[in-house]
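Under this note's numbering, the residues of the sequence shown are numbered 6 to 94, in order.
Backbone N, C-alpha and C define an ideal beta-carbon position, used for all residues, glycine too.
Have a look at the structure below, then the notes.
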Amino acid sequence: MRDIGLKAATRARVHVTDWRDSVLDGIKSRKDKGQGAIEYVGITILVVAIVALLLQTNLGGEIAGKFSEKIRSVLNGGGGGGGGGGGGQ
């Protein structure tokens with residue numbers, strides 16, 4: 006009688022484990038199939054639109070100027086910015 010219960014429990018465990026593994030394999034195989042390419046195209050279109058907008062307005066030149074100013078400030082050793090810390094003596 007105990008052998009029948011043990012065999013039934015073992016078979017049930019094997020079936021549950023196989024089911025779990027097949028479900029997990031299905032989830033893993035669906036992950037990001039084809040979706041990544043569409044997302045890259047969308048991001049690329051968005052970046053191109055932003056760059057085109059900046060090139061048509063004066064805002065692009067202003068942004069470039071601010072970046073250049075900050076880069077020069079860092080390269081020349083200047084703090085260049087609003088940190089408020091510093092130790093008074």
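Alpha carbon to alpha carbon, how far is Q61 from K71? Give it in angstroms, no decimals. 18 Å
Tell me, to the nearest whole angstrom, how far the beta carbon of I68 is from that of L59; I am working on the premise that it is less than 8 Å. 7 Å
Starting from G66 and walking both ways along the alpha helix (DSSP H), at which residues does that stretch end? 64-80
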